[in-house]
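Student: Could you have a look at this structure, given as structure tokens, before my questions?
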């Protein structure tokens, strides 16, 4: 386990925590643990570390699926006896969380499009009056005046941001509405923030802390390893060969399988090919919502055993007995890959994660990751609307005629370049803003992002190309120092993995490059080191040459 602490500053005043909510006194730690986890159950290390200091620090907890992250905020809620607001990105996730919290005896409700207007009103009234322990909602709900008003009247002690990688544009499930959560937290009197995610590289973790405005922040990175999952990669020459290898892999596996493809069309084609050897369902964002729900429910319920999907088949997919996850083509990023391959073997039984790739697949990744961000015309419209009058996202949607997602993304971009600020729920221009200068800043940030994204694609190539231990490469990207081989990947089985000497660089170390400036060591291989630089992204260097020539030096502590 690696644990790091980061400090940030802020000026908002926190409210003093009362001792009761809804007339109930806060539980002791022992009482809360027994109530949530059951009699005789002890806290896991990740849970214990997160709870320790949560009342004094905002906390980002990175811990693998199955580490009991939901229990952390359930216990924290019982300890504080104040309302906890959970920002959760999917209705399916909210449903599962609501059920688990209710089983622990907490008073819980949710606000979403799956609830009637009357049910939503009842939940908000209960939250405002102290009749709830936990309120679950999506990030877009936080932009509604009625929701903000109810939370403003409530005694909010903790805001939990679940699947926190969604706040990071470097993450793999970016959601623009998450960019506005930090402003809402300030409007509520700056209660403590607990951000949760299963996987996040160093850069994603930094972005989560910054985007959410987390202060006095602890960043806790726990063991992300899933040693029961065997990891492998297969290179092929053509698309037909790639798809044939995927078909043969799933034919050999009698258990539950998830196959990931990069495009909707490829999902359909691959499912038709796989249907020659076993039944296959299809899941992607182009299908009607009812069909997607049906496919997911049948797979999670065990009625279907194989799904061919895009990355849209992601959060909320929690079937314990998946034995194989296959990627037909290079994944977009290694963060996303480890999140998706981690859907195998959640019952801790042996499972496999295999990526089947051809060289051209990396070019597709570069194309798909080359998002230019909001268009200048969009930014001008949002800036013009804010110049007329400050307002929230809903007001900007009405005034600009743009879609909600488009406005949310534009606002997030403008906040990123310090052109817009959130003033108690009302967005307003920063004094002295010049449109021409703002657009130039956005363009510069976009160019820097493009370089970083290109480097992330190359990091995927490093993973698929390596003959060294694949697990070590993945885990070091996530901030864990690993020197020994795993013996559970194709490189280890082939005898090509090497134990890294303890005299070499280590993951997380700060270094200085003669040309690229300061950087952070991300991945250490036997003969190569990959360093993350702010402007250049991930750069892979020959370790001996870089150190001996003093091209790369250790940063002064």
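In UniProt numbering, the protein residues as written are 1 to 557.
Here a beta-carbon is modelled for each residue, glycine too, at the ideal position from N, C-alpha and C.
1) For residue 23, I'd like the list of residues in its chain whose CB is within less than 8 Å of its CB, leaving aside the five on either flank, ordered along the chain.
2) Nearest to residue 196 by alpha carbon, out of 121, 56 and 51?
3) Going by CA-CA distance only, name the one from 83, 240, 290 and 291 that's closest to residue 266.
4) Does the distance from the CB of residue 338 to the CB of residue 458 come in under 8 Å?
5) Please check the pair residue 175 and residue 139, which I expect to be a contact at CB under 8 Å, by giving their CB distance rounded to whole angstroms.
6) Quick check on this structure: which residue in 341, 162 and 185 has the alpha carbon closest to the alpha carbon of residue 154?
7) Using only alpha-carbon positions, find the residue among 81, 114, 356 and 145 that is nearest to residue 31.
8) Among the candidates 344, 243, 493 and 521, whose CA atom is the shortest distance from the CA of residue 357?
9) Return the Cβ separation of residue 256 and residue 322 in integer angstroms, given the expectation that the two are a contact with Cβ distance under 8 Å.
10) Check whether the Cβ atoms of residue 324 and residue 253 sit closer than 8 Å, and answer yes or no.
11) Distance, Cα to Cα, residue 91 vs residue 99?
12) Comparing alpha-carbon positions, which option in 127, 77, 137 and 61 lies nearest residue 96?
13) Judging by CA-CA distance, which residue of 106, 148, 268 and 105 is the nearest neighbour of residue 121?
14) What separation, rounded to the nearest whole angstrom, lies between the Cα atoms of residue 54 and residue 270?
15) Count the other C-beta atoms from every protein chain shown that fall within 10 angstroms of the C-beta of residue 205, then say buried if there are 16 or more, exposed otherwise.
16) For the putative contact between residue 83 and residue 127, defined by C-beta atoms under 8 Å, what is the C-beta separation to the nearest angstrom?
17) At which residues does the beta strand (DSSP E) containing residue 542 begin and terminate?
18) Going along the chain, which residues of its own chain have a beta-carbon closer than 6 Å to the beta-carbon of residue 304, five neighbours each way excluded?
19) Tell whether a beta-carbon distance below 8 Å holds between residue 482 and residue 499.
20) With 16 other CB atoms within 10 Å as the buried threshold, where does residue 434 fall?
21) Under three-state DSSP, which class holds residue 166?
22) Quick one: complete beta strand (DSSP E) runs, 3+ long, within the UniProt domain "Helicase C-terminal" (245–394)?
23) State the beta-bridge partners of residue 110 as determined by DSSP.
24) From residue 17 to residue 103, what distance separates their C-alpha atoms?
25) Return the bridge partner residues of residue 510 from the DSSP annotation.
26) Exposed or buried, what is residue 398 when buried is set at 16 or more other beta-carbons lying within 10 Å of its beta-carbon?
27) Where does the unbroken beta strand (DSSP E) through residue 433 begin, and where does it stop?
28) Rounded to whole angstroms, what's the CA-CA distance from residue 77 to residue 291? Just pull it up for me.
29) Give a yes or no on contact between the region 326–346 and the region 458–474, applying the rule of three or more CB pairs nearer than 8 Å.
30) According to DSSP, is residue 231 part of a helix, a strand, or is it coil?
31) For the beta strand (DSSP E) containing residue 422, list its first residue and its last residue.
32) With distances taken Cα to Cα, identify the nearest neighbour of residue 286 among 313, 301 and 60.
33) What residue range does the alpha helix (DSSP H) around residue 147 cover?
34) First and last residue of the beta strand (DSSP E) that includes residue 531?
35) Buried or exposed: residue 468, going by 16 or more other Cβ atoms within 10 Å of its Cβ?
36) Near residue 405, what residues of its chain come up, given a Cβ to Cβ distance below 7 Å and the 5 sequence neighbours on each side ignored?
Tutor: If we stick to the structure as given:
1) With a pLDDT of 41 at residue 23, under the threshold of 50, the predicted position of this residue should be treated as unreliable, and no value is reported.
2) 51
3) 240
4) no
5) 6 Å
6) 185
7) 81
8) 243
9) 5 Å
10) yes
11) 12 Å
12) 137
13) 148
14) 47 Å
15) buried
16) 6 Å
17) 537–542
18) 281 and 298
19) no
20) exposed
21) helix
22) 256–261, 281–283, 306–309, 322–328 and 351–357
23) 136
24) At residue 17, the pLDDT of 36 sits below 50, so the modelled position is not reliable and the matter cannot be decided from this model.
25) 520
26) exposed
27) Premise fails: residue 433 is in no beta strand (DSSP E) and is neither H nor E.
28) 36 Å
29) yes
30) strand
31) 420–423
32) 313
33) 145–153
34) 528–533
35) buried
36) 176
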